[in-house]
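Residue numbers (our numbering): 69 to 146. Glycine is no exception: its CB is placed at the ideal position from the N, C-alpha and C atoms. Data block below; observations after.
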Amino acid sequence: MERTISLQGRVDKLAVKVKNLDSNVEEVSLQDIHMRKAFKSSMLFDQQVVSRDTIPAAMLDIYNHCDQPPPLDELNPY
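Here's what the structure looks like:
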């Protein structure tokens, strides 16, 4: 709930800034837009949240006792 309220506040502040912009003051050419570097986030995300090396023993035991997936490649192509 707090994140939603925080995000709504940020959106409201941005809406005020957008309304106050004067399009005649700063013009940007299409070429300038394409010359800019693409945005790259500085936040790093863990790509291996669950892996074979980090899976808890109890979960690994349950996983090993599960039924095998069906042979889908043997199904009728229709």
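Output needed for residue i: all residues of its chain with C-beta closer than 8 Å, excluding positions within five of it in sequence on either side, in chain order.
| i | result |
| --- | --- |
| tyrosine 131 | Ile123 |
| glutamine 115 | none |
Along the chain, where does the alpha helix (DSSP H) that runs through residue i open and close?
| i | result |
| --- | --- |
| leucine 128 | 125 to 132 |
Problem - Whole runs of the beta strand (DSSP E) within the segment 72 to 114, excluding any shorter than 3 residues - result: List check, beta strand (DSSP E) in window: nothing returned.
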